[in-house]
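Protein chains in written order, with full-length UniProt numbering: chain A, 1 to 347; chain B, 1 to 347.
Structure, as structure tokens:
There are 2 protein chains.
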Amino acid sequence: MRATLMYKAGDVRIEDVPDSIIKHPTDALVRVTASCICGSDLHPYHQMTHENGPARMGHELIGVIEDLGSEVTTLKKGDLVVSPFAISDNVCEFCRESLQTSCIHHEATFLDGIADEGGQAEAIRIPLADGTLVKLPVAEGSALVPSLLTLADVLGTGHHAAKMAGVTPGQRVTVIGDGAVGLMAVLSAKRLGAEQIILMGRHTGRTSLGREFGATDIVAERGEEGIAKVRDLTAGHGAHAVLEAVGHLPAYEQALGVVRPGGVISRVGVPQYENAPIGFGSLFRHNIRLAGGPAPVRAYIEELMPDILDGTIVPGKVFDVETDLDGVPGGYRDMDERRSLKVLVRP
Amino acid sequence: MRATLMYKAGDVRIEDVPDSIIKHPTDALVRVTASCICGSDLHPYHQMTHENGPARMGHELIGVIEDLGSEVTTLKKGDLVVSPFAISDNVCEFCRESLQTSCIHHEATFLDGIADEGGQAEAIRIPLADGTLVKLPVAEGSALVPSLLTLADVLGTGHHAAKMAGVTPGQRVTVIGDGAVGLMAVLSAKRLGAEQIILMGRHTGRTSLGREFGATDIVAERGEEGIAKVRDLTAGHGAHAVLEAVGHLPAYEQALGVVRPGGVISRVGVPQYENAPIGFGSLFRHNIRLAGGPAPVRAYIEELMPDILDGTIVPGKVFDVETDLDGVPGGYRDMDERRSLKVLVRP
């Protein structure tokens, strides 16, 4: 079968690899019908050394069950399923608390962590299939597939940002970052009733989509200038909730500048830093809270899917390009150079 | 009148100062009948330079209204009142959200910030009296005065730690620090229904009082050893809520070690650091939240006072020494050398 391999930063190839097969009785073998490239895939695309490659890529996918381990009970061959980016048994103490990204099963891992598997491929072995996969009530060729694919990561991640920030009707929200996750955070804040949604981003194609998703204001400026603009827009006090969808330190510092006393900074951009200001002058003086982390998207699928099925939300609009596997290396390049927002892959 | 002045680290004196008087129409002049020394007073006691002194000291007090500005409407001469450590108008946007420590009135400040006033004195001018002071339904000589005095800071601060951590019935809680605020955090976690309360502290007199307030386990060890003990006591996963009542970086690092995935670190010890770990390996990977700050104790008085009046809680037990003003310099020394837990002052 064919799959995507990253050899080192900037070097992505499509190659023949051994076919994925069932290895454990709780596995499912999924023929991938739709996958995509994630903003977080760009981190290794910038940083991966030759010694750490080649790595199989892709952690978002929809596909058809081709084969099942003997212990899988809730799925059958031919089912169309979506896979969250994190493998979980969905029954442990943490899964039952809707924190599937901290599942304690020994096979639980991020999809990127499964050896010799990846979503940007013709097929994939998914461990803990009963806990992880969710059946979709549409056909493989449904026009809803792009939107349903966002349940695998970006929509659930944007929703997690808004949920962990406790966004409630009437609030002022600032979203930092106009990538796919930032735009999903806008959509999620709108869905939860935010009254004002300020999107900080400077790519007009993206911020236009942000307006469509519910942003009421766009701030293109960064740093002190951007902070001043947001404060102007929020009666001087800042936003109740700041959804940080970038992960770099300047984005966190920007969040500190635009958050309201008593407000919350909710991070879903994977932090590319370890130490940052949290003392008296940053978080403590005005009871600013910090929340967020890898989104337990499995927990949110039942809540979000109905809104996709009935057309209330169309998160699939974040895909501005569609390609087959051969177009994946170019897709990485285009996303890296901001020519594409998010690339949908039909293997 | 006589008052406490700190000249520099380690140098506390009782001296004659000009009488406090009404300056603004919203002021109250309070004759102090009970005050105390706070753990946070020990920070300048360690660090204050000669250039920053002398400073008036004390931000917790009960007293009798001696005089009132012309615009004060809710108090009258002779009322016994308690003063929160933060001055607030109690009507602004933030006060109405129960965040009086972020009151936006131009006279709002921490009590320590009022020029030429302090609680460890015979009298004090309290600005924004209507918003700040709360009338007590007892006589000046009531045996409840020590417990009611904790409403000015330490009880409300411990309660804030538990509240911001979202402590709910059945949870596992770890309290870091066995000072007065840590002990009040224990009492508050118990009051909110925590099932397990692990107190990390190594002064047996204090931890014994902690047990009386509701601690189910005591861990005297610090660092890695202490972390391992707490994890043993919490089925390996750590505590849902960690109440950090110290403020030094090692206490925060200890909190990171004992918090459960999806849990919260709630800080009420004033951070003596600015930068600290909050990246993927510390907070982010397992969705650990960070909360806390200066407690809006004004917001909690109505909720907590009835429990003191009916004897449900006796937070005044944190006072192990009583003195007059002349004993204040010795009180600082005894608290600094851990001979006293908290010193009650009757000026």
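Cβ coordinates follow ideal geometry from the N, Cα and C atoms, glycine included.
Residue pairing by DSSP places Thr323 (chain B) opposite B:Val345 in a beta bridge. Spatial neighbours of Asp334 (chain B) in its own chain (CB-CB distance under 8 angstroms, excluding positions within 5 residues in sequence) are listed in chain order as Val321, Ser340, Val343. Remark: C-beta atoms of Val17 (chain A) and Gly63 (chain A) do not approach each other more closely than 8 angstroms. In terms of Cα proximity to Val82 (chain A), the closest of A:Thr26, A:Gly330, A:Met305 is A:Met305. Note on Gln254 (chain B): 16 or more other CB atoms within 10 angstroms of its CB, so buried under the neighbour-count rule. Per DSSP, Val230 (chain B) has no beta-bridge partner at all. For Asn275 (chain B), the pairing in a beta bridge is given by DSSP as A:Pro277. Annotated as proximal: Leu187 (chain A) and Ile313 (chain A), with beta-carbon spacing under 8 angstroms. DSSP, reduced to helix, strand and coil, places Pro127 (chain B) outside both helices and strands of the structure shown, so it counts as coil.
With a threshold of 16 other beta carbon atoms within 10 Å, Gly238 (chain B) meets it and is buried. Note: Lys190 (chain A) is not bridge-paired with any residue in the DSSP secondary-structure output.
The alpha-carbon of Leu5 (chain A) is positioned some 7 angstroms away from that of Glu15 (chain A). A check of alpha carbon separations from Ile308 (chain A) across A:Gly281, A:Pro146, A:Val167 identifies A:Pro146 as the nearest. Residue environment for Glu117 (chain A): buried (at least 16 other C-beta atoms within 10 angstroms of its C-beta). Taken through DSSP and simplified to helix, strand or coil, Ile308 (chain B) comes out as helix.
The beta carbon of Val91 (chain B) sits closer than 7 angstroms to those of Gly131, all from its chain and outside the five residues before and after it, given in chain order.
Pairing Val175 (chain B) with Leu243 (chain B) gives a Cβ-Cβ distance under 8 angstroms. At a cut-off of 8 angstroms, the C-beta of Ile278 (chain B) has a neighbouring C-beta in chain A. Listed along chain B, the residues sitting closer than 8 angstroms to Val270 (chain A) by beta-carbon distance are Phe280, Phe284. If you ignore the 5 residues before and after Arg202 (chain A), its C-beta comes within less than 6 angstroms of the C-beta of Ala220, all in its own chain and listed in chain order. With fewer than three CB-CB distances shorter than 8 angstroms, the stretch 273-287 of chain A does not count as touching the stretch 119-134 of chain A. The CB of Phe94 (chain A) comes closer than 8 angstroms to the CB of Pro261, Gly262 in chain B, given here in chain order. In the three-state reduction of the DSSP assignment, Met335 (chain B) falls in the helix class. It is roughly 57 angstroms from the alpha-carbon of Thr33 (chain A) to the alpha-carbon of Val297 (chain B). With a threshold of 16 other beta carbon atoms within 10 Å, Ile21 (chain B) falls short and is exposed. One finds Pro261, Gly262, Asn287 in chain A with Cβ atoms closer than 7 angstroms to the Cβ of Leu99 (chain B), taken in chain order. In the pairwise beta carbon analysis, the stretch 123-143 of chain A is classified as not touching the stretch 223-232 of chain A: fewer than three pairs are separated by under 8 angstroms. At a beta-carbon threshold of 8 angstroms, the residues of chain A lying near Asn275 (chain B) are Asn275, Ala276, Pro277, Ile278, Gly279, ordered along the chain. In the structure shown, Val246 (chain A) falls within a coil segment according to DSSP collapsed to helix, strand and coil. Interface criterion not met: the Cβ of Leu128 (chain B) is under 8 angstroms from no Cβ in chain A. Of the other Cβ atoms in all chains shown, fewer than 16 fall within 10 Å of the Cβ of Pro137 (chain B); this residue is therefore exposed.
Counting along the chain, the unbroken alpha helix (DSSP H) around Glu93 (chain B) starts and ends at 93-96. Using beta-carbon distances, Gly113 (chain B) does not count as an interface residue toward chain A, since no partner is under 8 angstroms.
If you draw a straight line from the Cα of Ala28 (chain B) to the Cα of Pro84 (chain B), it comes to about 14 angstroms.
Taking 9 angstroms as the cut-off between beta carbons, the residues of the UniProt domain "Alcohol dehydrogenase-like N-terminal" (25-137) of chain B near chain A are Glu93, Phe94, Glu97, Ser98, Leu99, Thr101, Ser102, Ile104, in sequence order. Within the same chain, Cβ atoms closer than 7 angstroms to the Cβ of Thr109 (chain B) are found at Ile87, the five residues on either side in sequence being excluded.
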